[in-house]
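Colleague: The working numbering applies: residue 166 is where the sequence shown begins, and numbers increase by one.
The C-beta atom is built at its ideal place from N, Cα and C for all residues, glycine as well.
Input: one structure, supplied below.
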Amino acid sequence: MNALTLAHDFALDFTIDYAAEAYAEDAEERFTVDFNTHAAELTAYKVALAKAEGDLLIIAAHRRLGLNTDTDEDGFQYYVWEMAQVARDLAELSVRKLVPASWQSFFESLCHMARDIDEAAWTFFFGCAVKDEEALIQEDSWYD
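If you want it as structure tokens, here you go:
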């Protein structure tokens, strides 16, 4: 064998090895970023559920104490609009399937708590919020 037979394209091998290593690092970094993003999103959804619980507890306490039960010019009690906001928040989580499975029973207990506060208001606002959220999802799908 002579030197020509043993010739090897080290530059090509280096390029291939470097690309494979860079791809592996990029994939690992992307996995880490995706995992961290997913974990942060799950935490945000859990925080949204905890906030909804706090809001509902405040609404219930105010009602028991006779606070925030005055009516507006349309004849609706003020707390009803606070319930509407909670309904919108929970409807978004529900329709977009953002409630972690392990927290589903907690989500259902929040809906039950809201119904106990004012069943008519909750049923109306949550139903409207679900329809609105479904319409938004449908609209978003047109752009995909």
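For the segment 225-239 against the segment 258-276, are there 3 or more C-beta pairs whose distance is under 8 Å?
Modeller: No contact exists between the segment 225-239 and the segment 258-276.
Colleague: Using the Cβ count rule (16 or more neighbours within 10 Å means buried), how would you classify LEU222?
Modeller: Looking up residue 222 in the sequence shown gives position 57. So LEU222 ends up on the exposed side.
Colleague: What residue ranges within the segment 230-279 form continuous alpha helix (DSSP H) runs of no fewer than 4 residues, ordered along the chain?
Modeller: If we require 4 residues or more, the alpha helix (DSSP H) runs fully inside the segment 230-279 come out as 243-260.
Colleague: From VAL264 to ASP305, what does the alpha carbon distance come to, in whole angstroms?
Modeller: If you number the sequence shown from 1, residue 264 lands on position 99. If you number the sequence shown from 1, residue 305 lands on position 140. Cα to Cα, the separation comes out at about 20 Å.
Colleague: Using a Cβ-Cβ cut-off of 6 Å (strictly less than) and excluding sequence neighbours within five positions of GLU298, which residues of its own chain qualify?
Modeller: Locating residue 298 in the sequence shown gives position 133, where the first residue counts as 1. Excluding residues within five positions, the ones whose Cβ falls inside 6 Å are ALA256, GLU257 and VAL260.
Colleague: What span of residues does the alpha helix (DSSP H) with ASP305 cover, start to end?
Modeller: Position 140 of the sequence shown, counting from 1, holds the residue named residue 305. Start and end: 284-308.
Colleague: Assuming GLU218 and LEU275 make a contact with CB atoms under 8 Å, what is their CB distance in whole Å?
Modeller: Residue mapping note: residue 218 aligns to position 53 of the sequence shown, counting from 1. Residue mapping note: residue 275 aligns to position 110 of the sequence shown, counting from 1. With 8 Å as the limit, GLU218 and LEU275 qualify as a contact, their Cβ atoms being about 6 Å apart.
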